[in-house]
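Numbering (our numbering), first residue to last: 1 to 232. Glycine included, each C-beta is placed from N, C-alpha and C at the ideal position. Read through the structure below, which is laid out as structure tokens, and then see the notes.
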């Protein structure tokens with residue numbers, strides 16, 4: 001599992017992450033909730049090594065990833081779908097997906113797995129179109145697909161429902177649950193859309209001012225006191 005303890009980060013004089021601790025087991029969806037500006041995205045960037053943590057410990061599968069570069073974390077089986085998708089707009093859908101396979105041996109990185117196309121049929125239909133020509137919902141499917149082709153054992157998603165139409169949100173939810181039920185992947189999901197998180201979470205954490213102020217089983221998300229913490 002992913003195990004984070006006593007993680008701290010600062011921007012200038014501001015203490016952004018305050019002794020954050022979390023666990024994300026394989027086979028489960030762990031949701032991080034909280035209002036804007038509480039440190040959720042900063043936490044994910046620390047996990048990926050995009051921002052170096054100031055102190056604390058991060059372990060994946062029992063090994064420290066604190067000193068690993070982002071590339072080394074990807075090679076260790078960690079995939080990240082950032083907020084805003086960050087696909088390659090001038091590359092085709094297929095080229096975007098092949099870019100996600102860069103960590104695999106050469107022979108295995110030449111063809112997009114049919115499994116990804118089965119999860120997101122629109123990507124197969126539009127595989128020769130440029131990524132920048134896709135709608136927001138299609139780009140989000142592409143961003144998730146690009147992460148999945150790297151065969152991750154930890155999938156990190158930063159607000160995958162942002163700006164997406166309801167039908168695509170439902171599809172993304174189905175894919176996340178399907179991936180979790182396979183039992184070979186841990187999923188860490190940052191989400192502001194409460195209903196989406198409540199439907200998927202096996203466990204949850206609520207952040208406020210850089211701290212984890214509450215955590216528990218996903219079934220507890222229905223409690224009024226938890227809803228109140230994440231209400232916008």
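| Check | Outcome |
| --- | --- |
| Distance between beta carbons of residue 203 and residue 30, contact taken as under 8 Å | 5 Å |
| Delimiting residues of the alpha helix (DSSP H) encompassing residue 96 | 93 to 99 |
| Through-space distance from residue 110 to residue 222, alpha-carbon basis | 45 Å |
| Alpha helix (DSSP H) segment containing residue 175, residue limits | 166 to 182 |
| Status (buried if at least 16 other CB within 10 Å, exposed otherwise) for residue 146 | buried |
| Same chain, Cβ closer than 6 Å to residue 175, five either side skipped, listed in chain order | 119 |
| Contacts around residue 28, its chain only, beta-carbon distance under 8 Å, and the 5 residues preceding and following it disregarded | 180, 186, 187, 202 and 203 |
| First through last residue of the beta strand (DSSP E) which encompasses residue 212 | 211 to 217 |
| Spatial neighbours of residue 54 in its chain, beta-carbon cut-off 7 Å, leaving aside the 5 residues before and after | 8, 9 and 10 |
| C-alpha distance - residue 126 paired with residue 79, whole-angstrom precision | 23 Å |
| Runs of alpha helix (DSSP H) wholly within the region 52 to 94 (minimum 4 residues, chain order) | 70 to 75 |
| Of the residues 130, 182, 230 and 140, the one placed nearest residue 151, counting alpha carbons only | 182 |
| Chain-order list of residues whose beta-carbon lies under 6 Å from that of residue 32 (same chain, five-residue window excluded) | 40, 190 and 205 |
| Under 8 Å between C-beta atoms of residue 100 and residue 136 | no |
| Between the CA atoms of residue 198 and residue 167 - distance to the nearest angstrom | 17 Å |
| Paired residues, beta bridge with residue 156 - DSSP | 80 and 188 |
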